[in-house]
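A.B. asks: Got a structure for you, written out below as structure tokens; questions coming shortly.
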Amino acid sequence: MRVEIHEAVWLDEQQHFSLAELAELSGLPEAEVRQLIDYAALAPAAGTKFSADCLITARMACRLRNDFDLDAGGLALTLSLIGRIRALEAQLRALQAQFPQRHE
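In this note's numbering, the protein residues as written are 147 to 250.
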């Protein structure tokens with residue numbers, strides 16, 4: 147397997163992107179980005195601007211689409227489930243931090 151890096155973007159949490167920039171940087175066509183917005187898999191952070199987190203999600207969507215040949219509906223469902231898994235893992239880590247395991 148050969149990995150090629152075509153472009154690198156340094157992301158800042160305060161950085162925002164337009165719809166066209168999000169599509170270009172994620173590798174998804176604008177129409178597909180709009181479908182993901184319609185399915186609520188992506189949401190603008192401020193008006194019509196998208197956050198860096200949205201770009202990360204859109205890039206993940208592009209990889210999932212390419213790797214598993216998913217349509218926009220499948221991508222939205224997959225992204226929703228991944229988000230739920232991450233939220234549950236964060237809750238589990240928080241609980242584990244509150245109640246550390248005792249070694250006897």
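Ideal Cβ positions, reconstructed from N, Cα and C, are used throughout, including at glycine. Everything numeric in this text was worked out from a predicted model, so none of it was measured.
Under 7 angstroms between C-beta atoms, does L168 make it to chain D?
C.D. replies: Although the question refers to chain D, the structure presented lacks it and comprises just one protein chain.
A.B. asks: I'd like the ranges of any alpha helix (DSSP H) spanning at least 4 consecutive residues and lying wholly in the segment 170-212.
C.D. replies: With a minimum length of 4 residues, the continuous alpha helix (DSSP H) runs that stay inside the segment 170-212 are 176-184.
A.B. asks: Take V179 and list the residues in its own chain whose beta-carbon comes closer than 8 angstroms to its own, dropping the five residues that flank it on each side.
C.D. replies: L165, L168, A169, S172, L188, A204, listed in sequence order.
A.B. asks: Please report the residue range of the alpha helix (DSSP H) in which E235 lies.
C.D. replies: Segment 218-244, the alpha helix (DSSP H) holding E235.
A.B. asks: Do Y185 and A243 have their CB atoms nearer than 7 angstroms?
C.D. replies: Not a contact, by the Cβ cut-off of 7 angstroms.
A.B. asks: For A192, collect the residues of the same chain with a Cβ closer than 7 angstroms to its Cβ; drop the 5 residues on either side in sequence, then sort them by chain order.
C.D. replies: Hits under 7 angstroms: H162.
A.B. asks: Just the C-alpha distance for F214 and E235, rounded to the nearest angstrom, thanks.
C.D. replies: Taking the straight line from one Cα to the other gives about 24 angstroms.
A.B. asks: Report the CB separation of A198 from L182 in whole angstroms; it is logged as a contact under 8 angstroms.
C.D. replies: At roughly 16 angstroms, the Cβ-Cβ gap does not stay under 8 angstroms, so A198 and L182 are not in contact.
A.B. asks: Would you mind stating whether L210 and L216 have Cβ atoms separated by less than 7 angstroms?
C.D. replies: Yes, they are a contact pair.
A.B. asks: According to the neighbour-count rule (16 or more other Cβ atoms, all chains shown, within 10 Å of its Cβ), is A240 buried or exposed?
C.D. replies: By the 10 Å Cβ count, A240 comes out exposed.
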